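The sequence shown begins at 883 in the numbering used here and counts up one residue at a time. All C-beta atoms, glycine included, are put in the ideal place defined by N, C-alpha and C. Only a predicted model underlies this, so the values are computations on that prediction, with no experimental measurement involved.
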Amino acid sequence: MTLGLPDDPARDGVMREMERLDPDAMITGQVLRDTFDQLYDGVRTRRYRWDQLFKTEKTHFGTLVEINLQREFEYADGMKLDYCIAGHEVDAKYSQSSGGWMLPPEAIGELCMVVTASDKRSQFSVGVVRASEDLLNGGRNRDAKRTLSAAGRSMIAWLRKDAELPPNTLLHMREEDVAAVFAAGGGTARVSELFRRTAGKIVGRASVATVAAQLDVTRRVRGGQSGSRDPLASEGIVILGGAYDWQREAARELGLPVPLRTEYVAAYVAPAPADWPGRVARGPSGLALRAVDSNGREAFDPLWYRPSRA
883 MTLGLPDDPA RDGVMREMER LDPDAMITGQ VLRDTFDQLY DGVRTRRYRW
933 DQLFKTEKTH FGTLVEINLQ REFEYADGMK LDYCIAGHEV DAKYSQSSGG
983 WMLPPEAIGE LCMVVTASDK RSQFSVGVVR ASEDLLNGGR NRDAKRTLSA
1033 AGRSMIAWLR KDAELPPNTL LHMREEDVAA VFAAGGGTAR VSELFRRTAG
1083 KIVGRASVAT VAAQLDVTRR VRGGQSGSRD PLASEGIVIL GGAYDWQREA
1133 ARELGLPVPL RTEYVAAYVA PAPADWPGRV ARGPSGLALR AVDSNGREAF
1183 DPLWYRPSRA
């Protein structure tokens, strides 16, 4: 039984299965992040905000969420509703605002997975509720769909409520900083400017792709002539990616937020002398960097990123 809610073994069984598949809801959060970015299509459009979408695209978002959640968690198709989870029929509903889920006639009396997400607030929620007749508002739209009443909303069993959505880097930057990034020149120059202006903050892969105008973001981040790491090393800025264990550990040692698999974080650094008493981040080369503020940054050898040949 879900604490504080009426007994509903089917609902509780669905909740247990969802928790088993995604204990901390981080996968769900990433699916929602990826769905926003899929719709923005920033590589081709340079869009990164909800208000830049067409009305028809916004309408399509809920369908994409339902499809992407099913693909990620491999939910079976329901006979009557969207999914079959733990042997129970479940209808999936998305709304931009909590309580805005439109429930069709076939979902009345059935279990519904209700999802909401705000890119602006970097929050999402996902829960399960039985859409009983007595928990619905009386009004219907032209498709006979109805919404949960206040009492109905209080009956939602939340897997996560107002959880942290992986951030949309460009959305939360100052407008003048975004403008400066896009005005910086070619793809590598734009990516370099993005990391200059976001030091110490998580940067999502989609934001890098939008700025670079290409899907292969590693080409614009990696070392060498075509990437941002070498030129930024000359400015005392290191770029760390979540796809590598040693770079995540380097982020920890530098006191940075630790990036996930599809994220990056940049930081101001300086070479650490051999007798440095504080924490240092060592690269595969064995070279060490220490964290500093923007005024204390110093150029470092880009070989820090590369394995030693000794």
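Item                                                                                                                                                                            : Value
Which of helix, strand or coil does DSSP assign to M961?                                                                                                                        : coil
Give me the Cα-Cα distance between G1020 and V972, rounded to the nearest whole angstrom.                                                                                       : 22 angstroms
Alpha carbon to alpha carbon, how far is L1076 from V1063?                                                                                                                      : 6 angstroms
For R1172, does the count of other Cβ atoms within 10 angstroms reach 16, so buried, or fall short, so exposed?                                                                 : buried
Mind the definition here: the segment 995 to 1014 touches the segment 907 to 914 only if three or more C-beta pairs lie below 8 angstroms; say whether that holds.              : yes
Mind checking which residues open and close the beta strand (DSSP E) that includes A1039?                                                                                       : 1039 to 1046
In terms of residue numbering, what span does the alpha helix (DSSP H) encompassing L946 cover?                                                                                 : 937 to 955
Taking the C-alpha atoms as reference points, what is the distance between S1167 and D959?                                                                                      : 51 angstroms
Count Cβ pairs between the segment 1141 to 1150 and the segment 1106 to 1121 that sit closer than 8 angstroms; are there 3 or more?                                             : yes
Can you tell me whether DSSP reads I1119 as helix, strand or coil?                                                                                                              : strand
Could you give the residue range of the alpha helix (DSSP H) that holds Y922?                                                                                                   : 908 to 922
Run through the DSSP bridge pairs and tell me what L1018 is partnered with.                                                                                                     : L1030
Nearest by alpha-carbon distance to R1072: which of W1186, E988, V1103 is it?                                                                                                   : V1103
Going by the CB atoms, is the gap between I967 and M1037 shorter than 8 angstroms?                                                                                              : no
Could you check the C-alpha separation between A1061 and G1068 for me, to the nearest Å?                                                                                        : 14 angstroms
Could you tell me the boundaries of the beta strand (DSSP E) in which S1000 lies?                                                                                               : 993 to 1000
Starting from the Cα of G969, find the closest Cα among Y976, D894, D1016 and give me that residue.                                                                             : D894
Go ahead and pull the three-state DSSP assignment for E971.                                                                                                                     : strand
Is DSSP giving P1153 helix, strand or coil here?                                                                                                                                : strand
For L1169 versus W1186, is the C-beta spacing smaller than 8 angstroms?                                                                                                         : yes
Ordered along the chain, which non-local residues of its own chain (more than five positions away) have a Cβ less than 6 angstroms from that of M984?                           : K1027
Is E956 close to chain C, meaning its C-beta is less than 8 angstroms from at least one C-beta of that chain?                                                                   : Although the question refers to chain C, the structure presented lacks it and comprises just one protein chain.
What do you get for R1111, buried or exposed, if any count of 16 or more other CB atoms within 10 angstroms of its CB means buried?                                             : buried
Excluding the five sequence neighbours on either side, which residues of its own chain have a C-beta within less than 7 angstroms of the C-beta of R931, listed in chain order? : L1053
For S1176, which of T1144, R1078, A1039, F955 has the nearest alpha-carbon?                                                                                                     : R1078
Should G1123 be labelled buried (16 or more other beta-carbon atoms within 10 Å of its own) or exposed?                                                                         : buried
Pull up the distance between the alpha-carbon of A1066 and that of S977, whole angstroms please.                                                                                : 37 angstroms
Tell me whether the beta-carbon of N1050 lies closer than 8 angstroms to the beta-carbon of F918.                                                                               : yes
Determine whether the beta carbon atoms of G911 and A1045 lie at a separation below 8 angstroms.                                                                                : yes
Which of helix, strand or coil does DSSP assign to Q1005?                                                                                                                       : strand
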